Amino acid sequence: MSLRLFAALNLPDGIAARLTALMKGVPGAKWRPRENLHLTLRFFGEVAEPLADEIDAELAAVAEKTAPFALHLKGAGSFGGADPHALWIGVEPSPALSKLAAGCERAARRAGLKPEARAFAPHVTIAYLSGAPLESVLAFQSRLGLFETPPFEVDRIGIYASFTRKSAPSLYRLEAEYPLRG
Numbered sequence: 109m110s111l112r113l114f115a116a117l118n119l120p121d122g123i124a125a126r127l128t129a130l131m132k133g134v135p136g137a138k139w140r141p142r143e144n145l146h147l148t149l150r151f152f153g154e155v156a157e158p159l160a161d162e163i164d165a166e167l168a169a170v171a172e173k174t175a176p177f178a179l180h181l182k183g184a185g186s187f188g189g190a191d192p193h194a195l196w197i198g199v200e201p202s203p204a205l206s207k208l209a210a211g212c213e214r215a216a217r218r219a220g221l222k223p224e225a226r227a228f229a230p231h232v233t234i235a236y237l238s239g240a241p242l243e244s245v246l247a248f249q250s251r252l253g254l255f256e257t258p259p260f261e262v263d264r265i266g267i268y269a270s271f272t273r274k275s276a277p278s279l280y281r282l283e284a285e286y287p288l289r290g
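Take the sequence shown: its position 42, counted from the start at 1, is 150 in my numbering, and no numbers get skipped.
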């Protein structure tokens, strides 16, 4: 059996509530449900159970060496340029977050996965877009240009399994959590 896995930070309920309140004003947006709001640290892809066990052990080791830290979300943007396909909320630059993501990347490589081709760009995807007018997307980004959440503590990472569904958002299931203990 194999699972489609990724490592991520879950968002506190208060932060997630602030994001869900922003989900309006863009025709063609498929807003993400609360349970799908997260910050991906590393996508592992479809992996067989023996490899999933190796990733599990490697992530536990990363968490043991990482101290809890504060983080806050800031600003908004989109992916896709003139043909946008997703809306996101950004993250205030954080050396601790970058270090944690690099640890997740090293964990993936030690488990035998290929290096991630894209540079880590921390964000929380809040909508996928289908035919959204560019002017609506740009207005959304402009409206949220100064958006910022209060800081929140990151004290654990999770590994999630992703299950795609035809007529509903993907289902994410928490497989394991790793408290930050460094």
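Built from N, CA and C at the ideal position, the CB exists for glycine as well.
Note that the coordinates shown come from a computational prediction; the quantities given were computed from them, not determined experimentally.
Legend entry - Segment limits, beta strand (DSSP E) that includes G266: 264–271
Inset, instruction - With a floor of 4 residues, list each alpha helix (DSSP H) that falls wholly inside the stretch 217–270, ordered by position along the chain. - result: 242–251
Legend entry - Straight-line Cα distance separating G189 from R281: 31 Å
Inset, instruction - Indicate whether D263 and L242 have their beta-carbon atoms separated by less than 8 Å. - result: no
Legend entry - Three-way DSSP call (helix, strand, coil) for E200 in this model: Of the three classes helix, strand and coil, the one that applies to E200 here is coil, per DSSP.
Inset, instruction - Would you mind reading off the limits of the beta strand (DSSP E) that contains R150? - result: Looking at the DSSP string, the run of the beta strand (DSSP E) that includes R150 is 146–156.
Inset, instruction - Just the C-alpha distance for E172 and K132, rounded to the nearest angstrom, thanks. - result: Taking C-alpha positions only, E172 is separated from K132 by approximately 40 Å.
Inset, instruction - Note down, in chain order, each residue of its chain lying with its Cβ closer than 7 Å to the Cβ of A168, except the 5 sequence neighbours on either side. - result: Y286
Inset, instruction - Output yes or no for whether 8 Å exceeds the beta carbon distance between F114 and S270. - result: yes
Legend entry - Minimum C-alpha distance to L111 - residue among W139, R126, F151: F151
Inset, instruction - With DSSP collapsed to three states, give me the class of K182. - result: strand
Legend entry - Local Cβ density within 10 Å of R140, reported as buried at 16 or more and exposed below that: buried
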